[in-house]
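Chemist: Structure below; questions to follow.
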Amino acid sequence: MTKGALHHASTGFEPNRNSLLKSFAIIVLSGFLPACAQPVEQDLPIDGGEVFRIGDRTAFLILPEKSNSDDLIPWVWYAPTLPGLPGVEEKWMFEQFLSNGIAIAGVDVGESNGSPKGRSVYSELHRVLTERRGLAPKACLLARSRGGLMLYNWAAENPEYVACIAGIYPVCNLRSYPGLARACDAYGMSEDQLAAKLVEHNPIDRLAPLAKARVPIFHIHGDSDSVVPLDKNSAVVKERYDRLGGEMELEIVNEQGHNMWSGWFNSQALVEFVIAHGKDQSSNSTQSID
-18 MTKGALHHAS TGFEPNRNSL LKSFAIIVLS GFLPACAQPV EQDLPIDGGE VFRIGDRTAF
42 LILPEKSNSD DLIPWVWYAP TLPGLPGVEE KWMFEQFLSN GIAIAGVDVG ESNGSPKGRS
102 VYSELHRVLT ERRGLAPKAC LLARSRGGLM LYNWAAENPE YVACIAGIYP VCNLRSYPGL
162 ARACDAYGMS EDQLAAKLVE HNPIDRLAPL AKARVPIFHI HGDSDSVVPL DKNSAVVKER
222 YDRLGGEMEL EIVNEQGHNM WSGWFNSQAL VEFVIAHGKD QSSNSTQSID
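Listed below in structure tokens is the structure:
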């Protein structure tokens, strides 16, 4: 698989709109979606989602059916949210989270490559969900593929709001994918300018704040991934996070690449990791940030 195939590797299929298109409730958030605005739609792999705007960006929120009204709602922050993502392959994971009282949310920041502009939208989503929707301050980040660039760069600047990070072959190294020549436009820089400031924007160089905040990490990654190579991404994160004193588990899957193998999305270990750290966030509505 070539590097240019990452979009299809992450999406994995052309969505069957007849089977996936759902009718979702539209939530009107003051300052974000005027009542007269056009309806917002986003294909989601599971019923019960709410779709809304953060500025000009499409966001979604799926709440569990049952929750203690006195508790904050733990949540999974999924990335990348794009047309067709999250996809049907995430359905089993999402069902496990929801059945354990954990909400799921995300926002489409486009092909931001983890840029400051995308991070600012993420910060606004976090503010809206925690201040207006009763979600816990700390989110469980779930990064699939290039969602790693988006979530890790936000997390590095907001470690106090991160309960844990889980990754499915996540991109953690801009040099590895998409490469600085392709990433620089999202940063509003030339390739040389981005190279000069790379330590400020490359997830593998921004792990210290997460280790200091004792954020646990779990990655599942294939040793045959030619699109997001293990040795330049998750393996580097593991090596550096261990050196920083952080807690990280890396599950390496033999002879698997950047593909749609069902094992990525039916990982009991990943789901249990997220649920365990998510439930820690719902103790009570007076939860504070250390």
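Under this note's numbering, the first residue of the sequence shown is numbered -18, with each subsequent residue one higher.
The beta-carbon is built from N, C-alpha and C at its ideal position, and this holds for glycine as well.
Note that this is a predicted model, so its numbers are computed, not measured.
#1: Identify the continuous alpha helix (DSSP H) that holds A136 and give its terminal residues.
#2: Can you check which of these residues, I85, I201, D223, H258, is closest to E242 by C-alpha distance?
#3: In this structure, what does DSSP give as the bridge partners for I54?
#4: Between which residues of its own chain and P190 is the CB-CB distance below 6 Å, once the five residues before and five after are set aside?
#5: Count the other CB atoms within 10 Å of the CB of R187; is the residue buried (16 or more) or exposed (fewer)?
#6: Going straight from the alpha carbon of C145 to that of F199, what length do you get?
#7: Rounded to the nearest angstrom, what separates G95 and E172 at their Cα positions?
#8: Is the segment 122 to 131 close to the segment 95 to 107, with three or more CB pairs under 8 Å?
#9: Tell me, please, which residues DSSP counts as bridged to H202.
#10: For the putative contact between I43 and I85, defined by C-beta atoms under 8 Å, what is the C-beta separation to the nearest angstrom?
#11: Excluding the 5 residues flanking Y168 on each side, which residues of the same chain have their C-beta closer than 6 Å to its C-beta?
#12: Looking only at its own chain, which residues have a Cβ that is under 7 Å from the Cβ of L63, when we skip the five neighbours before and after it?
#13: In the DSSP assignment, what residue or residues form a beta bridge with C145?
#14: Indicate whether Y150 and V209 have their beta-carbon atoms separated by less than 8 Å.
#15: Is it right to say V180 is buried, meaning 16 or more other beta carbons lie within 10 angstroms of its own, or is it exposed?
#16: Would S207 be called buried (16 or more neighbouring beta carbons within 10 Å of its own) or exposed?
#17: Alpha carbons only, please: which of W73, R108, I256 is nearest the one belonging to K87?
#18: So what does A194 bridge to, in DSSP terms?
#19: Apart from the five residues just before and just after K72, which ones in its own chain have a Cβ nearer than 7 Å to its Cβ?
#20: What does the Cβ neighbour count give for K323, buried or exposed, with the cut at 16 atoms within 10 Å?
#21: Tell me which same chain residues have a C-beta within less than 7 Å of the C-beta of G115, skipping the five on either side of it?
#22: Helix, strand or coil, according to DSSP, for R34 in the structure here?
#23: Since G244 contacts V234 with CB under 8 Å, what's their CB separation in whole angstroms?
#24: Examine the Cβ distances between the segment 75 to 83 and the segment 255 to 262 and report whether three or more of them are shorter than 8 Å.
#25: I'd like the list of long-range same chain contacts for K193, defined as Cβ closer than 6 Å, with 5 residues on each side in sequence excluded.
#26: By alpha-carbon positions, which one of A162, R163, R224, N183 ends up nearest to N154?
#27: Just checking: is the beta-carbon of P159 within a distance shorter than 8 Å of some beta-carbon in chain B?
#28: Hey, how far is the Cα of D261 from the Cα of R195?
#29: Alpha carbon to alpha carbon, what distance is there between G91 and V302?
#30: What are the start and end residues of the beta strand (DSSP E) that includes V217?
#31: Please state the DSSP three-state secondary structure of T39.
Modeler: Looking at the coordinates:
#1: What you label residue 136 is simply residue 155 of the sequence shown in a count that begins at 1. Residues 128 to 138.
#2: If you number the sequence shown from 1, residue 242 lands on position 261. Position check: residue 242 holds Trp in this sequence, whereas Glu was assumed. Nearest C-alpha to W242: I201.
#3: As a working mapping, residue 54 is identified with position 73 in the sequence shown. Answer is L116.
#4: Within the sequence shown, the letter at position 209 stands for residue 190. Once the five neighbours on either side are set aside, the close Cβ partners of P190 are A137, P140.
#5: Here residue 187 is taken as the residue at index 206 of the sequence shown, counted from 1. R187 comes out buried.
#6: As a working note, residue 145 is residue 164 in the sequence shown. As a working note, residue 199 is residue 218 in the sequence shown. In this structure, the straight-line span from the alpha carbon of C145 to that of F199 is close to 8 Å.
#7: Within the sequence shown, residue 95 is the residue found at index 114, counting from 1. Within the sequence shown, residue 172 is the residue found at index 191, counting from 1. If you draw a straight line from the Cα of G95 to the Cα of E172, it is about 15 Å long.
#8: yes
#9: By 1-based counting over the sequence shown, the position of residue 202 is 221. For H202, which the question treats as bridged, DSSP gives the partners I233.
#10: Counting from 1 along the sequence shown, the entry for residue 43 is found at position 62. Counting from 1 along the sequence shown, the entry for residue 85 is found at position 104. The Cβ separation is near 5 Å, so the contact holds.
#11: Counting from one through the sequence shown, the residue named residue 168 turns up at place 187. Within the same chain, S96, L175 come within 6 Å of Y168 by CB-CB distance, once the 5 residues on both sides are set aside.
#12: As a first step, residue 63 is located in the sequence shown; it is residue number 82 there, counting from the start. Excluding sequence neighbours, L63 sits near D89.
#13: Position 164 of the sequence shown holds residue 145. For C145, which the question treats as bridged, DSSP gives the partners C121.
#14: Taking the sequence shown and counting its residues from 1, the one referred to as residue 150 is at position 169. Taking the sequence shown and counting its residues from 1, the one referred to as residue 209 is at position 228. A contact, by the Cβ cut-off of 8 Å.
#15: Taking the sequence shown and counting its residues from 1, one reaches residue 180 at position 199. It is exposed - the Cβ of V180 has fewer than 16 other Cβ atoms within 10 Å.
#16: As a position in the sequence shown, residue 207 is number 226, starting the count at 1. That one is exposed.
#17: Translated into positions along the sequence shown, residue 87 becomes position 106. Reading the sequence as shown, one finds Gly at residue 87 and not Lys. Of the listed residues, the one whose Cα sits closest to G87 is R108.
#18: Numbered from its first residue, the sequence shown carries residue 194 at position 213. According to DSSP, A194 bridges with nothing at all.
#19: In the sequence shown, counting from the first residue as 1, residue 72 sits at position 91. If we look at K72 and ignore the five residues flanking it on each side, its Cβ neighbours are P26, I27.
#20: In the structure displayed, the chain extends from -18 to 271; residue 323 sits before or after that span and is not available.
#21: Looking up residue 115 in the sequence shown gives position 134. Excluding residues within five positions, the ones whose Cβ falls inside 7 Å are L53, I54.
#22: Start at 1 with the first residue of the sequence shown, and residue 34 comes out as number 53. Strand.
#23: The sequence position of residue 244 within the sequence shown is 263, counting from 1. The sequence position of residue 234 within the sequence shown is 253, counting from 1. That belief holds up - the Cβ atoms of G244 and V234 are roughly 7 Å apart, short of 8 Å.
#24: yes
#25: Indexing the sequence shown from 1 puts residue 193 at position 212. There are no such residues.
#26: Residue 154 sits at position 173 when you count from the first residue of the sequence shown. Out of A162, R163, R224, N183, N183 has the C-alpha closest to the C-alpha of N154.
#27: The displayed structure is made up of one protein chain only, and chain B is not part of it.
#28: Here residue 261 refers to the residue found at position 280 of the sequence shown. Here residue 195 refers to the residue found at position 214 of the sequence shown. About 14 Å.
#29: Because the chain is modelled from -18 through 271, residue 302 falls outside the range shown and cannot be assessed.
#30: By one-based count along the sequence shown, residue 217 stands at place 236. That residue, V217, is in no beta strand (DSSP E); its alpha helix (DSSP H) goes 215 to 224.
#31: Here residue 39 refers to the residue found at position 58 when the sequence shown is read from its first residue. Note: T39 maps to strand in three-state DSSP.
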